[in-house]
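Novice: Residue numbering for the sequence shown follows the numbering used here, starting at 209 and increasing by one per position.
Pasting a structure here, questions to come.
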Amino acid sequence: MPADESQKRRLVVGVSGASGMPLTLRLLQALQRPDVELHLVISSGAKRVLREEGGIAPEDLARYARAVHPADDMAAGPASGSWRHDGMIVCPCSMSSLAAIACGAGSTLLHRAADVTLKERRPLVLVPRETPLNLIHLENMRRLAAAGAVVMPFMPAFYTRPETIDDLLRHFCGRLLDQLGLTSDIRRWRDDDARPRP
Ligand SMILES: Cc1cc2nc3c(=O)[nH]c(=O)nc-3n(C[C@H](O)[C@H](O)[C@H](O)COP(=O)(O)O)c2cc1C
């Protein structure tokens, strides 16, 4: 693992106001590693959901990050393409943020940072959360996928035989890390396959 700061992968995590803060917390924990420098943007909607879902305060998320950039700070690093990073995950991604990113509206730092990530052709992974989905949600996801984003709703895998909710969260976080080319020790389908070749 790189001890040299300049070799770290710089990642941005945007947290918007959809349900699912335990997943966000698990993701931030998974990104606590010596090869990652984490930057966080928490929308005001997310702060409200954190309060409503209980148990997690914004400070609980902030302690995992090198910096928490205020959601209205358009002069923060992630607002500019010249501030280099290696990818952004929006987790969870509300339908409101999904729509704003899909139409290129950069009126908050979270939306601007996602827009910049797309224009710089860096990995942008969105974890939308809503159910059921209407046509507008689906069209926005289609549009974002066409623009290069990875749309990755939290859809737990059961082939790993999870026993706890944390097993589900951990596996999904490993799949998110896959999208950024980061290693993890999650259980993988047929990874221990000892069957003879046909
Ligand atoms: C407790 C709570 C849960 C919510 N869950 C969702 C959700 O799962 N998906 C969603 O799209 N919006 C959800 N919302 C609504 C968003 O928070 C709202 O649309 C907000 O304006 C999103 O803004 P943001 O994307 O800038 O955070 C929820 C709101 C609250 C208070």
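All C-beta atoms in this analysis are idealised placements derived from N, C-alpha and C, irrespective of residue type, glycine included.
The structure displayed is predicted, hence computed values, not measured ones.
Measure the Cβ-Cβ separation of Ser302 and Gly225 and say whether it is below 8 Å.
Specialist: yes
Novice: Exposed or buried, which one is Phe362 when buried takes at least 16 other CB atoms within 10 Å?
Specialist: buried
Novice: Would Leu384 and Met360 be called neighbours here (beta carbons separated by less than 8 Å)?
Specialist: yes
Novice: What is the DSSP secondary structure of Glu413, reduced to helix, strand or coil?
Specialist: The first residue shown for the chain is 209 and the last is 406, placing residue 413 beyond what the model contains.
Novice: Are the segment 294–301 and the segment 317–336 touching by the rule of at least three beta carbon pairs closer than 8 Å?
Specialist: yes
Novice: Taking the runs of the beta strand (DSSP E) that are 3 residues or longer, which of them lie wholly in the segment 325–366?
Specialist: Qualifying beta strand (DSSP E) stretches, in chain order: 332–336.
Novice: State the Cα-Cα distance for the pair Glu261 and Ser227, rounded to the nearest angstrom.
Specialist: 8 Å
Novice: Ends of the beta strand (DSSP E) at His293?
Specialist: First-last for His293: undefined, no H or E at that position.
Novice: Use the C-beta contact count for Ile344: other C-beta atoms within 10 angstroms, 16 or more gives buried, fewer gives exposed.
Specialist: exposed
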